[in-house]
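Shown next, in structure tokens, is the structure this report addresses.
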Amino acid sequence: MPADPMPLLDVRNLCVSVPANGGMIRLVENVSFCVDEAEIVGLVGESGSGKSVTAMALMGLIDSPGVQVRGSARFRGQELVGMAPRALRALRGRDIAMIFQDPMTAFTPVYTIGWQIDEQIRAHERLSRRAARARTVQLLAEMGVPDPARTAQRYPHQLSGGLRQRAMIAMALSCNPTLLIADEPTTALDVTVQAQILELLRGLRHSHGSSVLLITHDMGVVAQTCARTLVLYSGRMAESGPTATLFARPAHPYTAALLDSIPPLYGPRPHRLPAIAGLPPTPRERPAGCAFGPRCAHVHATCLPAPPALASIGPGQQAACVLPAEGTPLPPRATAQATQP
Amino acid sequence: MGALGVLAFITCACLLAPLYAHDVAHSDPFASNVAGSIVLGGQEVDIMQPNDNPLHLGLSPIGPTGHAAYLLGADSQGRDLAARLLYGGRNSLLIAACAAVLCLVAATVTGIVAGFCGGVVDAVLSRIMDIMWAVPVYLFAISLSIVMVSQTIHLGPFTLGADSLLIPIFIIALVYVPYAARPIRGRVLALRQAEFVLAARSLGVPGWRIMLLDIVPNISTTLATLGPLLMALALLAESALSFLSLGVQAPQASWGTIIQDGEGLIYTRPLVAVAPGLAIVAVVLALNIVADGLRDALDGREGAR
Amino acid sequence: MIPTLLRRLGQTLFVLFGVSVLVFAVFFATPGADPTARIAGRNASPQIMEKVRREYGFDRALPVQYMTMMKKLFITRDLASYADRGELVVPQIEQAAPVTACLVCGAAFIWVSASIIMGTLAAAFRDTWVDRTLMLAGLVGISIPVFWLGQVTNLITQSRYHDTWLFSWVPGLGYVPFSEDPGGWFRALVIPWVVLAVMFIGIYSRVLRADLVALAGEDFMRTARAKGLSPTRVMLRHGLRTALVTFVSLFGLDFAQLVGGGALLTEVVFGLPGVGRLTYRALTNLDLPVIMATVMYSAIFVVVANAVVDMVYLLLDPRVRDAR
Ligand SMILES: Nc1ncnc2c1ncn2[C@@H]1O[C@H](COP(=O)(O)OP(=O)(O)OP(=O)(O)O)[C@@H](O)[C@H]1O
Ligand code: SF4
Ligand SMILES: [Mg+2]
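Chains as they are written, first to last, in the numbering used here: chain A, 1 to 341; chain B, 1001 to 1305; chain C, 2001 to 2324.
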């Protein structure tokens, strides 16, 4: 782990539970990670592994009845969990901004793009309408939107998916946030646009000094973009560490399986992660031991009684698997694809 | 649950109307009894009582007596209000239920045919529904009623008397067909693209079979919630028509006609108009709550799937 | 844009035609009954019957009858009421229309404001006692027959509590034209407004709440919250504004139906001389020409209002604007 005394975002043992059938089920269990200044951290996992729930919990955006968020998430030393709604609201959009998966539905359909970006600026800063709009247009231009002044006057449905996602990013960046949470920002876009948007996100570190928490289920994207990576499985951390290490020497069989499923960079792409047989358990039906057990090729007796604890493997790398401790770590991968950005 | 209880209670009470009139109240709810008198606790009392204004001018029907006979007092014709309420309820509920069922059947057929056949059939049926829906419901019902009530109608071997209960049933069912057919058609349109229907089609299953075996079971939730809603609407419409003397005809009673009877007595014997109104509100509210509950329950089931 | 407008116009004209045929059919082509007797009214002499038959062409083919009727309604406007000693029908309607319009506009104002407040509050306090109370109140409102509610309010305000300070300001039943006495106009109408609005408050607040609750799960509502907007602003500027699109289309239809005579029962209980009461008076003396004319009038009003609603829809929802 980097020796930085205080990371920008420090999440410790974050748990999110919702009531169901009389009890509480944990959607996210003991997730810990940190994001440093101007760093891109990847959060990967299959669909339903709790990536979005983690992100929404950080933003205080989960509003389903009876939800409980436990643990700690310190943003620049301020505790986010249990923060007063008003203070959290001031933070949202200004210091922590979020980009959502589907740009088609993420804008309110009855207002122009410009109006919606202006709205966010004016919610956090005392600015005239005109000044806000000037900033909006400038932001759109920075995000590579052609003819930004006119685009600002258009309605969401009139823009293509890529343009809309650019506008979304422009809106997220409108108040110069220090942390940008991007929840699968490219999933709904086609490949070329996807590459452009990722390029844009990578550039933010230099142009705006922003850190990015990039949520994705695509190991390929992680390899190209993130310095460090966190792998979630069924609401729990499977493994975390520097991307290069993780890609070269995965310590958790799930990470290894994910890496095997990286789609080729060129040619036809399968829609979602294919290779691992079976489905991840829903939070409701998580097995008692290692959640990955039912699908793991290395499953054995010690995996079953209790979920394996997260153990340090190497510099900055942690994994929740019994194999390394038992002295039978996974072999390093021959074709490590990681390319550090 | 409470709503269902209220419904069941009122329905049973109304079904027992003859029993009540004959064996409990010993009164005839249909014969005018303006000059009559009743025996209350051993005393003979006139049904029409002098008003309690200073000069005792005019006569009003007797108010609530607290005895089995004329429990709630009399109406303007000197008839037993409680017994009439029960008899009226019987008609109101009967008409509302029949109209709801008839309307639901007609709307289901229309909606399924329009949604399933599509194309010209759909266009024609939808335009017809548009046209019918353009006339305000109550005005449409009033127009039909006035035409049918003003003359005996001869249709081949059938003769429809002006006082037939079939007239309001038929009219109310008809005017609400567009209201119910629209959502049904919407559901069918969505189902038409569903995989099992497409599969059945590609296998060459005849259209009517698909409609009957695949479509109807799948719109049953829509139908189940529409049912009580339609009955609530029908009950309100029936009372409105009867209130305008266009529904149930004298000497038959319905809650609407009793309210109309009570209009003239509203300041002296308000109970005559208030009681049937309360009954209507209770039943319609219960029906609406049932519809709500059904929708929530069925939606939940669908969401869980 | 122009072709779609033209298509819409064509559709409107078609429905107008259809409605007129429907109304005509109801009154003059019902099987098994003679329309002459209906037009002429009760106990008409044979001469009058003969005159009516010739005037309306009842001895000729149905299409001719239809044309005659439309001509009398819209072109020569000399449709006369036989039950009412030859009084012309169309001017009567024109006289009654403003009363109805005043009644309905006031009620509409009340029901729109009340239901927006109730629906938004219920959605904001979703699943709490506030929500449940408001929605139950709405359901009760939907379940009350309007004419009965009118009678009960009359009972309270005109008789039982009329002598208390609460309702002593309530004038007797009837209408006061605005031009004569604005204050009296308001006092005469305010109770009918509320009574007429009750049912619609119920319907609209429930529809609005359902829409808002459904919208709360939408991505754009989440975006709005992620922007750091206050819950009030999210609810009003994003949720309510989007939900208004359906709200307005519903409103247009109900408003048109009421102005077209759907407020009949309210007018009758409160003795307001509007189109509805005109119809009611015609009902009681079986004056068919008047009934037919009012029904036709209202249907036309509804169709035209439909077209207007579509236009407003275009203004409110940019998606529809472009799709056409
Ligand atoms: N409010 C909620 N109440 C109950 N369960 C929830 C709620 N929100 C999410 N879940 C459940 O939590 C699990 C994790 O969901 P989440 O949306 O975080 O997955 P994800 O990793 O973002 O997947 P995807 O790649 O599909 O976006 C899922 O099983 C989901 O059904
Ligand atoms: S703990 Fe056991 S089951 Fe779980 S990933 Fe490691 S080897 Fe597989
Ligand atoms: Mg997600």
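Idealized CB from N, CA, C, for every residue including glycine.
Since this is a predicted model, take the numbers as computed values, not measurements.
Three-state class that DSSP yields for residue i in the structure shown
i	result
G23 of chain A	strand
N13 of chain A	strand
D1046 of chain B	strand
T136 of chain A	helix
T216 of chain A	strand
T282 of chain A	coil
R150 of chain A	helix
I2156 of chain C	helix
N30 of chain A	strand
S72 of chain A	strand
I99 of chain A	strand
D63 of chain A	coil
I169 of chain A	helix
L1189 of chain B	helix
Y233 of chain A	strand
L180 of chain A	strand
D2131 of chain C	helix
N1279 of chain B	Asn is not the amino acid found at residue 1279 of chain B; the sequence shown has Ala there. Helix at A1279 of chain B.
P242 of chain A	strand
V1284 of chain B	helix
Spatial distance of residue i from residue j (CA atoms)
i	j	result
Q165 of chain A	L173 of chain A	12 Å
C176 of chain A	R129 of chain A	According to the sequence shown, residue 176 of chain A is Asn rather than Cys. When rounded, the distance between both Cα atoms is 18 Å.
S312 of chain A	R133 of chain A	49 Å
L14 of chain A	D2310 of chain C	50 Å
F1170 of chain B	V1283 of chain B	21 Å
L1235 of chain B	A1096 of chain B	5 Å
Y2204 of chain C	L2240 of chain C	13 Å
P349 of chain A	G314 of chain A	Since the first residue of chain A shown is 1 and the last is 341, residue 349 of chain A is not available in this structure.
L1086 of chain B	L1015 of chain B	8 Å
L342 of chain A	L1007 of chain B	Summary: the structure shown does not reach residue 342 of chain A, with chain A confined to residues 1 through 341, and so no result is reported for it.
Assigned exposure category for residue i - 16 Cβ within 10 Å defines buried
i	result
A2305 of chain C	buried
N1288 of chain B	buried
N2154 of chain C	buried
T2076 of chain C	exposed
F2270 of chain C	buried
R2277 of chain C	buried
F2109 of chain C	exposed
N1091 of chain B	buried
F2027 of chain C	buried
R284 of chain A	exposed
G203 of chain A	exposed
A1107 of chain B	buried
L1004 of chain B	exposed
Y1267 of chain B	exposed
M219 of chain A	buried
R2206 of chain C	buried
D118 of chain A	buried
heavy atom of ligand 5 below 7 Å from residue i C-beta
i	result
K51 of chain A	Among the ligands modelled here, namely ligand 1, ligand 2 and ligand 3, ligand 5 does not occur.
Legend entry - Given 8 Å, three or more beta-carbon pairs between the segment 1190–1206 of chain B and the segment 1162–1179 of chain B: no
Legend entry - chain A contacts from the segment 2218–2232 of chain C (Cβ-Cβ distance under 9 Å): E2218, D2219, F2220, M2221, R2222, T2223, A2224, R2225, A2226, K2227, G2228, L2229, S2230, P2231
Legend entry - At least three beta-carbon pairs within less than 8 Å, the segment 110–123 of chain A to the segment 145–154 of chain A: yes
Legend entry - Cβ contact check for the segment 207–224 of chain A and the segment 39–51 of chain A: 3 or more pairs under 8 Å: yes
Inset, instruction - Decide if the segment 17–26 of chain A is in contact with the segment 65–77 of chain A; the criterion is three or more beta carbon pairs, one per stretch, under 8 Å apart. - result: yes
Inset, instruction - Give the residues from the segment 1237–1253 of chain B that approach chain C closer than 9 Å (Cβ to any Cβ), ordered along the chain. - result: S1239, A1240, F1243, L1244, S1245, L1246
Legend entry - Validate contact between the segment 1129–1144 of chain B and the segment 2245–2264 of chain C using beta carbons, cut 8 Å, 3 pairs: yes
Inset, instruction - Assess, as a yes-or-no matter, whether the segment 317–328 of chain A is touched by the segment 240–255 of chain A under the definition of 3 or more beta carbon pairs within less than 8 Å. - result: yes
Inset, instruction - Spell out a yes or no on whether the segment 2221–2228 of chain C and the segment 90–100 of chain A are touching, meaning 3 or more CB-CB pairs, one atom from each, closer than 8 Å. - result: yes
Legend entry - Segment contact flag, the segment 1238–1247 of chain B with the segment 1255–1262 of chain B, C-beta cutoff 8 Å, min 3 pairs: yes
Inset, instruction - With 7 Å as the limit, tell me which residues of the segment 1252–1277 of chain B have their beta carbon closer than that to any beta carbon of chain C; keep them in chain order. - result: I1259, E1263, I1266, Y1267, P1270, A1273, V1274, G1277
Inset, instruction - Report the residues of the segment 2295–2318 of chain C with a CB closer than 8 Å to any CB of chain B, ordered along the chain. - result: V2295, S2298, A2299, V2302, V2303, N2306
Inset, instruction - Residues of the segment 1122–1141 of chain B with a CB closer than 9 Å to any CB of chain C: list them in chain order, please. - result: R1127, I1128, D1130, I1131, M1132, W1133, A1134, V1135, P1136, V1137, Y1138, L1139, F1140
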